[in-house]
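Participant: Counting from 257, one number per residue, gives the positions in the sequence shown under the numbering used here.
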Amino acid sequence: MSKSTEPEWQEKNSLQLDVNYMMEEFLGTEGIKADQLKDSLFSRAAQSLRDKRPQLEWQELPYTQNEVVKEILDYATWAKDKFTNFVVLGIGGSALGPIAVHQAVNHYYYNELPKEKRCGFPRFYVIDNVDPERFVALLDIIDPAETLFNVVTKSGSTSETMAQFMIVRSILQKRLGDGYNQHIVATTDTEKGNLIKIAKQENYKLFYIPGGVGGRFSQLCPVGLLPAAMTGIDIEELLAGAAHMDRWTREEDILKNPAYLRAALHYLALQKGKNISVMMPYADSLKYMADWYAQLWAESLGKRCDLQGKEVFVGQTPVKALGVTDQHSQVQLYTEGPLDKVINFLAVGKFRQQVDIPLVFKEIPAVSFLGGHSLNELMEAERQATEYALFRAGRLNNTIYFPEVNPFTIGQLIYLLEVETAFMGELLNINTFDQPGVEEGKNATYALLGRPGYEAKRAELESGSPKLGQYILSLG
257 MSKSTEPEWQ
267 EKNSLQLDVN
277 YMMEEFLGTE
287 GIKADQLKDS
297 LFSRAAQSLR
307 DKRPQLEWQE
317 LPYTQNEVVK
327 EILDYATWAK
337 DKFTNFVVLG
347 IGGSALGPIA
357 VHQAVNHYYY
367 NELPKEKRCG
377 FPRFYVIDNV
387 DPERFVALLD
397 IIDPAETLFN
407 VVTKSGSTSE
417 TMAQFMIVRS
427 ILQKRLGDGY
437 NQHIVATTDT
447 EKGNLIKIAK
457 QENYKLFYIP
467 GGVGGRFSQL
477 CPVGLLPAAM
487 TGIDIEELLA
497 GAAHMDRWTR
507 EEDILKNPAY
517 LRAALHYLAL
527 QKGKNISVMM
537 PYADSLKYMA
547 DWYAQLWAES
557 LGKRCDLQGK
567 EVFVGQTPVK
577 ALGVTDQHSQ
587 VQLYTEGPLD
597 KVINFLAVGK
607 FRQQVDIPLV
617 FKEIPAVSFL
627 GGHSLNELME
637 AERQATEYAL
647 FRAGRLNNTI
657 YFPEVNPFTI
667 GQLIYLLEVE
677 TAFMGELLNI
687 NTFDQPGVEE
697 GKNATYALLG
707 RPGYEAKRAE
717 LESGSPKLGQ
727 YILSLG
């Protein structure tokens with residue numbers, strides 16, 4: 257039996273949420289009044305989200321992936337002995353989730369470790385942009401003949417991903433001939449789109465994205481589970497953590513439901529002009545969870561129209577920061593700048609390593625006081641100091657505590673923030689799961705590059721107002 261199924265272990269590894277410094281009792285008029293959390297708006301939103309659950313397939317992922325997990329683990333066992341490198345070709349949720357989980361759970365310099373210290377698993381890369389220099393740089397350090405490429409796109413028409421795929425496929429065909437298809441694994445829709453057609457025609461290994469799961473909510477399906485398994489991460493523990501959080505976020509009492517409470521506080525803060533949400537982990541392992549959160553929060557909640565079609569222009573801008581690094585770059589703004597932010601800390605109780613600071617330079621008290629402590633203590637002291645400084649300055653902040661960073665706690669965080677985002681969408685009365693602003697940019701890209709069917713959009717672009725030369729500066 258996995259340790260993650262033991263109640264005592266689960267309790268020991270449960271996240272904690274501290275929202276004291278969001279409240280009026282501590283921040284005065286800048287804080288949220290406890291009575292505001294009793295507004296019927298929140299109970300109506302909770303009921304609406306419960307009613308929608310049958311259509312929100314991502315909420316069932318902690319329970320529906322048993323068969324695919326077995327298939328992924330079998331495939332990873334086969335692949336790790338055959339490939340030196342594993343490369344994800346994707347963008348948005350197809351890339352940010354795998355990067356964040358890898359960074360959180362694996363060794364910080366995973367790729368630089370010798371293979372035996374990686375337990376035989378391949379080196380891991382994600383190409384989530386189409387910068388040509390970056391693409392060629394990857395090919396400078398890997399041998400495609402020793403690499404497994406995971407192309408991830410549900411629609412099979414994501415321009416960036418399909419362009420990368422087309423280039424890789426051509427390289428593999430030239431190098432390997434008929435066996436090239438063993439070096440490509442596709443993660444896509446079960447029926448729709450272009451990639452599924454190509455993958456079946458060319459006999460690639462296939463994993464499927466459930467129909468009701470969008471990209472930014474896809475980390476707990478093969479989009480995220482396959483890359484995690486390919487680097488040795490315990491994906492069963494990841495899903496167990498998500499299931500643990502799902503049980504917690506079914507609480508109807510908003511004060512006992514961490515996802516609903518966080519969303520409600522952010523919603524009330526937004527009404528007070530706090531239109532920026534800063535995610536600030538105090539652990540390098542959690543650095544890219546802030547990037548993943550930024551997409552989840554921005555793409556889900558930044559909407560022009562509400563569910564009735566009325567223009568509302570809502571959303572809260574996510575900003576990523578890193579403690580303690582950004583105490584020396586951003587915290588000055590957070591403590592003394594505009595009163596327009598909520599700061600979300602991620603704190604770690606027990607790091608996987610401890611580094612002690614030696615007792616030296618006793619003749620210099622301003623330095624020697626550090627001796628006898630550890631980097632672990634210094635990290636937490638700086639987080640607490642920043643939290644206190646923000647409190648003293650009347651700035652809203654809250655903290656999510658990790659007993660330690662492991663697949664179980666990361667699974668909890670992923671699911672917590674997904675439910676929080678969905679609940680925030682209910683409060684804002686918007687469609688949390690579409691991205692019409694992104695689609696407009698996609699359509700314009702298709703038109704500029706000559707995709708059939710987009711001729712009218714191309715004409716629209718070409719007939720736009722020409723730019724004025726006096727507003728374009730150049731030297732010489």
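Where a beta carbon is used, it is the ideal one built from N, C-alpha and C, also for glycine.
Quick caveat, the model's predicted, so the values are computed rather than measured.
Is it buried or exposed for P466, if we count other Cβ within 10 angstroms and need 16 for buried?
Facilitator: The residue labelled residue 466 in the question sits at position 210 within the sequence shown. The residue is buried, with at least 16 neighbouring Cβ atoms inside 10 Å.
Participant: Which whole runs of the alpha helix (DSSP H) in the segment 286-339 are 4 residues long or more, in chain order?
Facilitator: With a minimum length of 4 residues, the continuous alpha helix (DSSP H) runs that stay inside the segment 286-339 are 296-308, 317-320 and 322-336.
Participant: Would Y761 and M535 be called neighbours here (beta carbons separated by less than 9 Å)?
Facilitator: The structure shown does not extend to residue 761, since the chain is modelled only from 257 to 732, so the question has no answer here.
Participant: For my contact list, V357 and Q475 are in at a C-beta cut-off of 8 Å; report their separation, rounded to the angstrom.
Facilitator: As a working note, residue 357 is residue 101 in the sequence shown. As a working note, residue 475 is residue 219 in the sequence shown. Yes, V357 and Q475 are in contact; Cβ-Cβ is about 7 Å, under 8 Å.
Participant: Rounded to a whole number of angstroms, what is the C-alpha to C-alpha distance between A700 and E674?
Facilitator: Here residue 700 refers to the residue found at position 444 when the sequence shown is read from its first residue. Here residue 674 refers to the residue found at position 418 when the sequence shown is read from its first residue. Going by the C-alpha atoms only, they are around 29 Å apart.
Participant: According to DSSP, which residues form a beta bridge with Q272?
Facilitator: In the sequence shown, residue 272 corresponds to position 16, counting from 1. Q272 is bridged to Y657.
Participant: Under three-state DSSP, which class holds R707?
Facilitator: Numbered from its first residue, the sequence shown carries residue 707 at position 451. Coil.
Participant: Expressed to the nearest angstrom, what Euclidean distance is found between the alpha-carbon atoms of Y727 and G693?
Facilitator: Here residue 727 refers to the residue found at position 471 when the sequence shown is read from its first residue. Here residue 693 refers to the residue found at position 437 when the sequence shown is read from its first residue. Their Cα atoms are separated by approximately 26 Å.
Participant: For C375, does the count of other Cβ atoms within 10 angstroms reach 16, so buried, or fall short, so exposed?
Facilitator: For the purposes of this step, residue 375 is identified with residue 119 of the sequence shown, where counting begins at 1. Per the 10 Å Cβ criterion, exposed.
Participant: Please list, in chain order, all residues of the same chain as E682 whose beta carbon is under 6 Å from its beta carbon, the five residues on each side excluded.
Facilitator: Looking up residue 682 in the sequence shown gives position 426. Same-chain partners within the cutoff: A301, S304 and L305.
Participant: Name the one or two DSSP bridge partners that F342 has.
Facilitator: Locating residue 342 in the sequence shown gives position 86, counting from the first residue. Bridge partners of F342: F380 and L404.
Participant: Could you say which of D445, I510 and L615 lies nearest to K410 if we only look at CA atoms?
Facilitator: Along the sequence shown, one-based indexing puts residue 410 at 154. K410 has its Cα closest to that of D445, out of D445, I510 and L615.
Participant: Going by beta carbon distance, what residues of the same chain come within less than 7 Å of L462, once the five residues before and after it are set aside?
Facilitator: Taking the first residue of the sequence shown as 1, we reach residue 462 at position 206. Result list for L462: A442 and A455, in chain order.
Participant: Buried or exposed: which applies to K606, given that a residue is buried once 16 or more other Cβ atoms fall within 10 Å of its Cβ?
Facilitator: Taking the first residue of the sequence shown as 1, we reach residue 606 at position 350. When all chains shown are included, K606 counts as exposed.
Participant: G605 lies in the beta strand (DSSP E); which residues open and close that run?
Facilitator: By 1-based counting over the sequence shown, the position of residue 605 is 349. Unbroken beta strand (DSSP E) run through G605: K597 to K606.
Participant: When the Cα of A645 is compared with those of Y331, E592, G706 and A515, which residue comes out closest?
Facilitator: Locating residue 645 in the sequence shown gives position 389, counting from the first residue. Of the listed residues, the one whose Cα sits closest to A645 is E592.
Participant: Quick one: Cα of D540 to Cα of A715, how far?
Facilitator: Along the sequence shown, one-based indexing puts residue 540 at 284. Along the sequence shown, one-based indexing puts residue 715 at 459. Using only the alpha carbons, I get a separation of about 47 Å.
Participant: Identify whether L731 lies in helix, strand or coil by the three-state DSSP scheme.
Facilitator: For the purposes of this step, residue 731 is taken as residue 475 along the sequence shown, with counting starting at 1. L731: coil per DSSP, three-state reduction.
Participant: Can you tell me whether T261 is helix, strand or coil according to DSSP?
Facilitator: Taking the sequence shown and counting its residues from 1, one reaches residue 261 at position 5. Helix, per DSSP.
Participant: Can you tell which of G529, N654 and I423 has the C-alpha that lies nearest to the C-alpha of V386?
Facilitator: The sequence position of residue 386 within the sequence shown is 130, counting from 1. Cα-wise, what sits closest to V386 is I423.
Participant: Considering I686, what are the terminal residues of the beta strand (DSSP E) in which it resides?
Facilitator: In the sequence shown, the residue the question calls residue 686 occupies position 430. Careful: I686 lies outside any beta strand (DSSP E) and carries neither H nor E.
Participant: Specify whether the segment 562-571 and the segment 628-637 touch according to this definition: at least 3 beta carbon pairs, one from each stretch, less than 8 Å apart.
Facilitator: Taking 8 Å as the limit for Cβ pairs, the verdict is that the segment 628-637 does not touch the segment 562-571.
Participant: If you draw a straight line from the C-alpha of L432 to the C-alpha of N459, how long is it?
Facilitator: Translated into the one-based positions of the sequence shown, residue 432 becomes position 176. Translated into the one-based positions of the sequence shown, residue 459 becomes position 203. Cα to Cα, the separation comes out at about 15 Å.
Participant: How is the beta strand (DSSP E) around D445 delimited, first residue to last?
Facilitator: On the sequence shown, residue 445 is found 189 positions in, with the first residue counted as 1. Residues I440 to D445.
Participant: Let me check understanding here. Comparing Cα to Cα, which of D384, E368, G435 and K430 lies closest to M418?
Facilitator: Taking the sequence shown and counting its residues from 1, one reaches residue 418 at position 162. Ranking the options by Cα distance to M418, first place goes to D384.
Participant: Three-state secondary structure (DSSP) at D612?
Facilitator: Here residue 612 corresponds to residue number 356 of the sequence shown, with the count starting at 1. In the structure shown, D612 sits in a strand (DSSP, three-state: E or B).
Participant: Near Q359, which residues of its chain fall below 7 Å by C-beta distance, leaving aside the five closest residues on each side in sequence?
Facilitator: For the purposes of this step, residue 359 is identified with residue 103 of the sequence shown, where counting begins at 1. S541, K543 and Y544, listed in sequence order.
Participant: How many angstroms separate the CA atom of T340 from the CA atom of E718?
Facilitator: The count along the sequence shown starts at 1 and reaches residue 340 at position 84. The count along the sequence shown starts at 1 and reaches residue 718 at position 462. T340 and E718: Cα-Cα distance of roughly 47 Å.
Participant: For R608 and V661, I'd like the C-alpha separation in whole angstroms.
Facilitator: The residue given as residue 608 occupies position 352 in the sequence shown. The residue given as residue 661 occupies position 405 in the sequence shown. Their Cα atoms are separated by approximately 8 Å.
Participant: How should K559 be labelled, buried or exposed, when 16 other C-beta atoms within 10 angstroms of its C-beta is the threshold for buried?
Facilitator: Against the sequence shown, residue 559 aligns to sequence position 303. Answer is buried; the Cβ neighbour count reaches 16.
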